[in-house]
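Chemist:
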Amino acid sequence: MRRAVLALATGALLAVAPLYPSLAEAAPPCQSVRVDTIKNASVPVLSWSENVGYDRDGSLWVSRFMMSTVERLDDHGRVTASVSVPFPGGIAAGPDGRMYVTSFTKDAVGLLRTGSIYSFNPTAAQPKPRIYTAGLGFPNGLAFDAVGNAYVGDTWQGVLKVLPGGKVDRGWSSKAPRNLAPSGTVNGSSMNGVAVDGGTLYVTMTTSLTGRVLKVPLAQPDRVGIGADVTAPLPGIVDDLAVVAPGKLAVTTTTGQLFVTDTATRRSCAVQLGQPATSVAVNPENTTELAIGTEMGAVLRVQLPTSGR
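Under mature numbering (1 follows the signal peptide of the UniProt record, and there is no 0), the residues of the sequence shown are numbered -26 to -1, 1 to 283, in order.
1) When the distance is taken between beta carbons, is G63 closer than 8 Å to N25?
2) When DSSP labels each residue in this structure, what does A272 get in the three-state scheme?
3) Between the alpha carbons of Y28 and V254, how many angstroms are there, rounded?
4) Can you tell me whether L154 is buried or exposed, with buried defined as 16 or more other CB within 10 angstroms of its CB?
5) Any idea which residues DSSP pairs Y74 with across the strands?
6) What residue range does the beta strand (DSSP E) around K149 cover?
7) When you compare only the Cα positions, how much space is there between R275 and T11?
8) Helix or strand or just coil, what does DSSP make of F233?
9) Rounded to whole angstroms, what's the CA-CA distance from V7 to G145? Just pull it up for me.
10) So what does I12 bridge to, in DSSP terms?
11) Apply the 10 Å Cβ neighbour rule to R38 and answer buried if 16 or more other Cβ atoms are within range, or exposed otherwise.
12) State yes or no: is the C-beta of N161 within less than 8 Å of the C-beta of S182?
13) Can you find the residues in the same chain that come closer than 6 Å, C-beta to C-beta, to residue 296, ignoring five residues on each side of it along the sequence?
14) So if DSSP puts M40 in a beta bridge, which residue, or which two residues, is it bridged to?
15) So within the region 171 to 214, which uninterrupted beta strand (DSSP E) runs reach at least 3 residues, ignoring any that extend past its ends?
16) In the structure shown, what three-state DSSP assignment does E263 receive?
17) Secondary structure at T252, three-state DSSP: helix, strand or coil?
18) Between V170 and A216, which are expected to be in contact by the criterion C-beta below 8 Å, what is the C-beta distance as a whole number of angstroms?
19) Alpha carbon to alpha carbon, how far is L137 from A193? Give it in angstroms, no decimals.
20) For A251 and T174, what's the separation of their Cα atoms in angstroms?
21) Who are the near neighbours of R197 in its chain, counting only those whose CB is closer than 7 Å to its CB and skipping five residues on each side?
Pasting the structure below:
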């Protein structure tokens, strides 16, 4: 999931896409996968679906950051609720059942730590958001662990941990991967999507030499490893990710692929989506079904086989 800082590059990227080596070369195609549309873009690009997430009842929520709105969709793609959140990004259900959304202030673009996390009750007749955490930079991805800690991929600050109640754990966060702090493992920049798999946090970087997904132990955030290299040997523009099953990730890219990756073998297969993808969420009522956000604004559905290939 990215923000407006990359929106202007989208047209140029699409223009040169035919000249860029096909990322299908980086991974074989996923077999027996079906792709269809949950909701078409109401206004292409303006309705950009920055992120998607399911609530506890299995309803799908979509962040429309250019419209400063979060929408709930039914199974037919109809909007059944709308919540006003300034420039919303990552959206996820917390262990308490509330929905949480990252947000940034457009004019400051994160430099003044004006980014926030909002929360709201998804079952309310008219959900009213309130600030849960303030003082973030340019917050993108959002995920929770089982005890209520939130993890944020902050493009400017790096990977952050937010304790239950909304306070940033600066000690933990100072040890986690930081933006513009490259190493042999952190071979890119701009921390982006985050996903929790048991005691591990997986993190994407918007740009990296290999489409790298970082593997961060929750108990030891300084011991960063490699979770996957989804576009290797090519560089990648990777966005959001989700845990499909223990040890298996779904990763989206701006070049229009969904990679399904086994973190044990680091082997991937690719689904060609036909348009730049921003985000992915797993349907809790059917874990072989994925919702995909896109830069054009459409929300797609990817149906994986039981085996995931």
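Glycine included, each C-beta is placed from N, C-alpha and C at the ideal position.
Modeler: By the coordinates alone:
1) Yes. Within cutoff.
2) coil
3) 10 Å
4) exposed
5) According to DSSP, which records beta bridges pairwise, Y74 is partnered with A66 and S93.
6) It is not in any beta strand (DSSP E) - K149 instead sits in the alpha helix (DSSP H) that spans R144 to K149.
7) Their Cα atoms are separated by approximately 6 Å.
8) strand
9) 43 Å
10) I12 pairs with nothing; no bridge assigned.
11) buried
12) yes
13) Residue 296 lies beyond the residue range present for the chain, which begins at -26 and ends at 283; the question has no answer from this structure.
14) Bridge partners of M40: none, in fact.
15) 174 to 182, 186 to 191 and 199 to 203
16) strand
17) T252 carries a strand assignment under DSSP once its states are collapsed to helix, strand and coil.
18) Between A216 and V170 the Cβ distance is about 10 Å, and since that is not below 8 Å, they are no contact.
19) 14 Å
20) 24 Å
21) P191
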